[in-house]
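**Student:** Residue numbers (the working numbering), protein chains in the order written: chain W, 1 to 352; chain C, 1001 to 1352; chain Y, 2001 to 2352.
Glycine included, every Cβ here is placed at the ideal spot set by N, Cα and C.
Provided herewith is a single structure, encoded as structure tokens, for subsequent inquiry.
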Amino acid sequence: MNKVFSVLVLVGVPLSIIGALMHWSSILMFIIYCLTIIALASFMGRATESLAIVAGPRIGGLLNATFGNAVELIISIFALREGLIGVVLASLTGSVLGNLLLVAGLSFFVGGLKYKRQKFNVYDARHNSGLLMFGVIVAFVIPEIFTKTMSKSDTLNFSVGISIILIVLYLAALLFKLVTHRGVYLTDNVAEDRHEEEEPEWGKWKALIILAIATVAVGYVSEKLVDTFHTVGEAFGWTELFIGVVIVAIVGNAAEHASAIIMAIKNKMDIAVEIAIGSTLQVAMFVAPVLVLISLMFPVSMPLIFSMPELIAMVTAALLMIILSNDGETNWFEGATLLAAYLIMGIGFYLL
Amino acid sequence: MNKVFSVLVLVGVPLSIIGALMHWSSILMFIIYCLTIIALASFMGRATESLAIVAGPRIGGLLNATFGNAVELIISIFALREGLIGVVLASLTGSVLGNLLLVAGLSFFVGGLKYKRQKFNVYDARHNSGLLMFGVIVAFVIPEIFTKTMSKSDTLNFSVGISIILIVLYLAALLFKLVTHRGVYLTDNVAEDRHEEEEPEWGKWKALIILAIATVAVGYVSEKLVDTFHTVGEAFGWTELFIGVVIVAIVGNAAEHASAIIMAIKNKMDIAVEIAIGSTLQVAMFVAPVLVLISLMFPVSMPLIFSMPELIAMVTAALLMIILSNDGETNWFEGATLLAAYLIMGIGFYLL
Amino acid sequence: MNKVFSVLVLVGVPLSIIGALMHWSSILMFIIYCLTIIALASFMGRATESLAIVAGPRIGGLLNATFGNAVELIISIFALREGLIGVVLASLTGSVLGNLLLVAGLSFFVGGLKYKRQKFNVYDARHNSGLLMFGVIVAFVIPEIFTKTMSKSDTLNFSVGISIILIVLYLAALLFKLVTHRGVYLTDNVAEDRHEEEEPEWGKWKALIILAIATVAVGYVSEKLVDTFHTVGEAFGWTELFIGVVIVAIVGNAAEHASAIIMAIKNKMDIAVEIAIGSTLQVAMFVAPVLVLISLMFPVSMPLIFSMPELIAMVTAALLMIILSNDGETNWFEGATLLAAYLIMGIGFYLL
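See the structure below:
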């Protein structure tokens, strides 16, 4: 798998540059950009993982928690600069739905085909449920309803306030998990010290250099990718919404999808769930509010107001995950339920 | 009880035919039809139960799961043929509310008067909670919100897609429960092998013949019943909505109401809960989508779009049941809570 | 603390009378009235507590359950008489949010700074979750949606029906907790017989006399307080909504806030949770419906219809509390989550 990504990067980055200079067709370039970003993202993920092992669990957790969605953050910043607020909100929605329903659903389903009952830490499940309820439901629903009659500037002020509260609570959650309550909530299947045992793939400096180069490359390709949205959307009859919810979300999260499923097949459900739900929370409580704050520097600011279909899709997805994960157990049918929900929403966004 | 139903059938079926020929008043005929259907439904229930015992737990579970709401399905098909989409959606709502709030509420309440704490399998409770969240909340709320701005044909396409997903997941749930995970989630009070112990009331052929005749008779009477709705509604000042939510739901589910309560009094809460919540899921995930697909053959097709009061009533009822049933225990107060919710919704639908 | 309240009463009551006669500025009087009511409320609380100990746990529970929100009831009745329906609904919302998010949030947070994990009775948690789901979600959401197309008189009839059902179920909950299932659901950390051990602060007659005088005084000052709302609102640019949600709610519940936090610091989480959630349920299931019924005697009747922001704030707050409290454990981060939700809603109501 890693070899495939290496080849993809070695071929994709030059092609991205050459194709742009030679004005190849937008649709071809769109495909090249997407594949290149997926491959670069896998390098960023491996570099972050190596650094996390070197740095120890606390700093490592922080690194994973901030760099985990770096690709999506970068694509979104370029989209914001172009004023494509609808695409950004849609891709945030797509990330939440993709992680909660598609990544978790595939992990539960595939893992469940091999094992009758798979368990993960029930305390983590409850902790995550509380955060999903706060980050996805309270923090996204309240502005939607309250700003119906608000002026545009009040709406933006409210969004900024909520964004700051979200980021502070996200950092507090890291403090809780990595410092004050580290190791407090353990169950029998202790997977806590996995980091200590592991050998980093790359040394500290090699990882840092790869991370830096890959980030710059992702930035370059992302900017080009955003420029193709308009033409590609017209060619395939896709709306901004569908591009954001499905395409950007899949490209931005492809690496996570793969590793969550691999962990589920190894019966390491703690990690699979952490990737799926942890990623969701990171998007809702860190990436989204950071984008709101960054957008203040661009001509068009982005309020934290999703469209009703986006909001309701995220809310019902969060409720479904809260109920399914609450007992710290999974099986193939719970996976199938999540996938069915994703399918329903996917069709809905396509028809919108 | 069985004797009463036998007499009711022997008197009711001839009266239904004679009254129709002699053009008796619609209100009288409405009452005769309702009572006859309730009595016929009890025969269908007994025949299905006998067949289920003969066929063994797997096929038996499938039989119960598909024939359990046969009466309601038949009435609804005739209403669909008349184009009474509002009545059908309302009666589906009524079935969901009636099973979740009235049947379960009465069972919990009456059972709780005799026993301080009644327990049922907590794994079943969680499995059912996940399905309620999917079948009632995700699958019904998403189309409501997404189709606000959709064209009529897209709305119907979306409904068809969701219906197929619902039916597939319902069948997957049967596969999970009856095949792959049969007996995996057991608790102390094992009521699993009850079927094996029981003697069927009727032999295989007798049960099949009774089932066939009763189904034909229910079909005949249902068709007549639907014709009286308009006149009866005008006479009593009832709307289509109220007839559907309350009258059709009670007539269509009367047999289940009785057996759930009897099981609760016998402290067999596993079965009482299975009837109440199982029936709800069957209506939401099988009867409703099957009716959407069948309606495609009629002049007026039925999308899976409920009115807002119907939707919100089902969603809040499902949430209430999820929270109350989550611990695998019931008492009289939980029953009273469900009944209070039913009362509030009943008054609401009457005033609408 | 008690001494401060004694001084506040001895100074505040005369100042309230003198200031009213001398026509002091509305803003000064508003502050005097608020502080006096907070101090009087603490006397009512202590008198009720003494009476509850004397009367034994059953009648005591009933006393606490009916007099616990007496101050808020009294302020609201005077506001209703003035036709200030918006203020009353807003102050009910504020009480629900204040108790669920601010009182519980501060208790969990402050208690959690001292203790890593604090436990309370998980059966109480589930019982309360069911009531929150019924009292805040079913009983408030259903009329909101159902009355969208109803006539004004039907809306009022529906509100009255729901109010009666709420009061009956609230009394049934007391019967369940204090009589039929008293002591049935115990966990290890038994705090059940705390009442029996305690010495009442005041004798029966002294407590009764203090309760009577304080109630009359609260009534007098509340009437004056309501008169200042209009002027104060204009002076500070506060809307009726903000005064109701924040000011009235804090003044009316100040005493409870203090005692819940003190209990959390003493690691008596059962009592802290009981104050926070018990108070919420009392407001939703007793104070609110009683006010609807009382309003029928005034020129302007109050339907049980909140504004959308009020409703959604209460619904999401209840869902958040249900998820966080479901495991019978708290920690500082759960407190921080509740406080963050309160902050978001507070900003929202200020900007509205």
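(1) Please tell me whether residue 1302 of chain C has its Cβ less than 8 Å away from any Cβ of chain W.
(2) Please check if any C-beta of chain Y sits within less than 8 Å of the C-beta of residue 169 of chain W.
(3) Whole angstroms is fine: what's the gap from residue 1250 of chain C's alpha carbon to residue 1344 of chain C's?
(4) Could you say if the region 2267–2283 of chain Y and the region 2068–2087 of chain Y meet the contact criterion of at least three C-beta pairs nearer than 8 Å?
(5) Among C:1247, C:1132, C:1086 and C:1231, whose alpha-carbon lies nearest the alpha-carbon of residue 1286 of chain C?
(6) In this structure, how does DSSP classify residue 180 of chain W when only helix, strand and coil are distinguished?
(7) For residue 2172 of chain Y, tell me which candidate among Y:2271, Y:2072 and Y:2062 has the shortest Cα-Cα distance.
(8) Where does residue 1126 of chain C land, buried or exposed, given buried means 16+ other C-beta within 10 angstroms?
(9) Can a CB atom of chain C be found closer than 8 Å to the CB of residue 125 of chain W?
(10) Would you please verify whether the beta carbon of residue 2142 of chain Y is less than 8 Å from any beta carbon of chain W?
(11) Out of Y:2351, Y:2318 and Y:2147, which has the shortest C-alpha to C-alpha gap to residue 2136 of chain Y?
(12) With distance defined between alpha-carbon atoms, name the residue in W:124, W:166, W:91 and W:316 nearest to residue 270 of chain W.
(13) Whole angstroms is fine: what's the gap from residue 313 of chain W's alpha carbon to residue 2320 of chain Y's?
(14) Taking its Cβ as the centre, do 16 or more other Cβ atoms sit within 10 Å of residue 1016 of chain C, making it buried, or is it exposed?
(15) So, residue 2019 of chain Y versus residue 2039 of chain Y, is the Cβ gap smaller than 8 Å?
(16) Residue 280 of chain W touches chain C at which residues, Cβ-Cβ below 8 Å?
(17) How many angstroms separate the CA atom of residue 351 of chain W from the CA atom of residue 1158 of chain C?
(18) Look at the alpha carbon of residue 2005 of chain Y and the alpha carbon of residue 2128 of chain Y, and state the distance between them as a whole number of angstroms.
(19) Hey, quick one: how far does the alpha helix (DSSP H) through residue 85 of chain W stretch, first residue to last?
(20) Of the choices Y:2307, Y:2272, Y:2299 and Y:2110, whose alpha-carbon is the least far from that of residue 2245 of chain Y?
(21) Going by DSSP in three states, residue 51 of chain W sits in which element: helix, strand or coil?
(22) Please confirm whether residue 1098 of chain C has its beta-carbon closer than 8 Å to some beta-carbon of chain Y.
(23) For residue 1139 of chain C, decide whether its Cβ has a neighbour in chain W, counting only Cβ atoms nearer than 8 Å.
(24) So what's residue 2116 of chain Y in DSSP terms, helix, strand or just coil?
(25) Report the neighbours of residue 1334 of chain C on chain Y: residues whose CB is nearer than 7 Å to its CB, in chain order.
(26) Taking 8 Å as the CB-CB limit, is residue 1963 of chain Y close to chain C?
(27) Would you mind working out which of Y:2027, Y:2007 and Y:2109 sits nearest residue 2339 of chain Y, comparing C-alpha positions?
(28) At a CB distance below 9 Å, what residues from the region 2155–2183 of chain Y approach chain C? Give them in sequence order.
(29) On the DSSP bridge assignment, give the partners of residue 330 of chain W in chain order.
(30) For a quick check, are the C-beta atoms of residue 330 of chain W and residue 118 of chain W less than 8 Å apart?
(31) Note down, in chain order, all residues in the region 308–333 of chain W with a beta-carbon under 7 Å from any beta-carbon belonging to chain Y.
(32) Can you check which of these residues, Y:2025, Y:2342 and Y:2072, is closest to residue 2219 of chain Y by C-alpha distance?
(33) When you compare the CB of residue 2242 of chain Y with every CB in chain C, is at least one pair closer than 8 Å?
(34) Closer than 7 Å by beta-carbon distance: list the chain W residues that pair up with residue 2344 of chain Y, in chain order.
(35) Please classify residue 22 of chain W: is it buried, with 16 or more other beta-carbons within 10 angstroms of its beta-carbon, or exposed?
(36) For residue 1147 of chain C, which residues of its own chain have a beta-carbon under 7 Å away from its beta-carbon, when the five flanking residues on both sides are left out?
**Tutor:** Straight from the coordinates:
(1) As a first step, residue 1302 of chain C is located in the second sequence; it is residue number 302 there, counting from the start. Not closer than 8 Å to any Cβ of chain W, the Cβ of residue 1302 of chain C fails to qualify, so no.
(2) Reading the first sequence from its first residue, position 169 is the one you call residue 169 of chain W. So yes, residue 169 of chain W belongs to the interface.
(3) In the second sequence, the residue the question calls residue 1250 of chain C occupies position 250. In the second sequence, the residue the question calls residue 1344 of chain C occupies position 344. Whole-angstrom Cα-Cα distance: 17 Å.
(4) yes
(5) As a working mapping, residue 1286 of chain C is identified with position 286 in the second sequence. Cα-wise, what sits closest to residue 1286 of chain C is C:1132.
(6) Residue mapping note: residue 180 of chain W aligns to position 180 of the first sequence, counting from 1. DSSP places residue 180 of chain W in helix when its eight states are reduced to three.
(7) In the third sequence, counting from the first residue as 1, residue 2172 of chain Y sits at position 172. It is Y:2062.
(8) Start at 1 with the first residue of the second sequence, and residue 1126 of chain C comes out as number 126. Residue 1126 of chain C is buried by the Cβ-count criterion.
(9) What you label residue 125 of chain W is simply residue 125 of the first sequence in a count that begins at 1. No - not a single Cβ of chain C is within 8 Å of the one on residue 125 of chain W.
(10) Locating residue 2142 of chain Y in the third sequence gives position 142, where the first residue counts as 1. No, residue 2142 of chain Y lies away from the interface with chain W (no Cβ there is under 8 Å from its Cβ).
(11) One-based indexing of the third sequence puts residue 2136 of chain Y at position 136. Selected option, being the one with the closest Cα: Y:2318.
(12) Counted from its first residue, the first sequence places residue 270 of chain W at position 270. Answer by Cα proximity: W:124.
(13) Position 313 of the first sequence, counted from the start, is the residue given in the question as residue 313 of chain W. Position 320 of the third sequence, counted from the start, is the residue given in the question as residue 2320 of chain Y. Roughly 18 Å between the two C-alpha positions.
(14) For the purposes of this step, residue 1016 of chain C is taken as the residue at position 16 of the second sequence. Counting Cβ neighbours within 10 Å, residue 1016 of chain C comes out buried, since at least 16 surround it.
(15) Mapped onto the third sequence, residue 2019 of chain Y falls at position 19. Mapped onto the third sequence, residue 2039 of chain Y falls at position 39. Cβ distance not < 8 Å, so residue 2019 of chain Y and residue 2039 of chain Y don't count as in contact.
(16) Locating residue 280 of chain W in the first sequence gives position 280, counting from the first residue. Under the 8 Å cutoff, chain C gives no residues; its nearest Cβ is about 16 Å from residue 280 of chain W.
(17) Mapped onto the first sequence, residue 351 of chain W falls at position 351. Mapped onto the second sequence, residue 1158 of chain C falls at position 158. Cα-Cα distance, rounded: 8 Å.
(18) Start at 1 with the first residue of the third sequence, and residue 2005 of chain Y comes out as number 5. Start at 1 with the first residue of the third sequence, and residue 2128 of chain Y comes out as number 128. Computed Cα separation, rounded: 32 Å.
(19) Position 85 of the first sequence holds residue 85 of chain W. It spans 85–97 - the alpha helix (DSSP H) in which residue 85 of chain W sits, taken as one unbroken run.
(20) As a first step, residue 2245 of chain Y must be located in the third sequence, where it is residue number 245. Among Y:2307, Y:2272, Y:2299 and Y:2110, the Cα nearest to that of residue 2245 of chain Y belongs to Y:2307.
(21) For this step, residue 51 of chain W is matched to residue 51 along the first sequence. Here residue 51 of chain W sits in helix by DSSP.
(22) By one-based count along the second sequence, residue 1098 of chain C stands at place 98. Not an interface residue.
(23) Within the second sequence, the letter at position 139 stands for residue 1139 of chain C. By this cut-off, residue 1139 of chain C is an interface position.
(24) Working through the third sequence from its first residue, we reach residue 2116 of chain Y at position 116. DSSP places residue 2116 of chain Y in coil when its eight states are reduced to three.
(25) Residue numbering aside, residue 1334 of chain C sits at position 334 when the second sequence is read from its first letter. Correct list: 2130.
(26) The first residue shown for chain Y is 2001 and the last is 2352, placing residue 1963 of chain Y beyond what the model contains.
(27) For the purposes of this step, residue 2339 of chain Y is taken as the residue at position 339 of the third sequence. Closest option to residue 2339 of chain Y, Cα to Cα, is Y:2109.
(28) 2155, 2157, 2158, 2161, 2162, 2165, 2166, 2168, 2169, 2172, 2173, 2175, 2176, 2177, 2180 and 2181
(29) Here residue 330 of chain W refers to the residue found at position 330 when the first sequence is read from its first residue. Looking at the DSSP assignment, residue 330 of chain W forms a beta bridge with W:118.
(30) Counted from its first residue, the first sequence places residue 330 of chain W at position 330. Counted from its first residue, the first sequence places residue 118 of chain W at position 118. Taking 8 Å as the Cβ cut-off, residue 330 of chain W and residue 118 of chain W qualify as a contacting pair.
(31) 322
(32) Position 219 of the third sequence, counted from the first residue, corresponds to residue 2219 of chain Y. Closest option to residue 2219 of chain Y, Cα to Cα, is Y:2072.
(33) Taking the first residue of the third sequence as position 1, residue 2242 of chain Y is located at position 242. Answer no: the Cβ-Cβ gap between residue 2242 of chain Y and chain C never drops below 8 Å.
(34) Within the third sequence, residue 2344 of chain Y is the residue found at index 344, counting from 1. Simply 138, 139, 142, 162 and 165.
(35) Here residue 22 of chain W refers to the residue found at position 22 of the first sequence. Its Cβ having fewer than 16 others within 10 Å, residue 22 of chain W is exposed.
(36) Start at 1 with the first residue of the second sequence, and residue 1147 of chain C comes out as number 147. Counting only Cβ-Cβ distances below 7 Å, and skipping sequence neighbours, we find 1155, 1158 and 1305.
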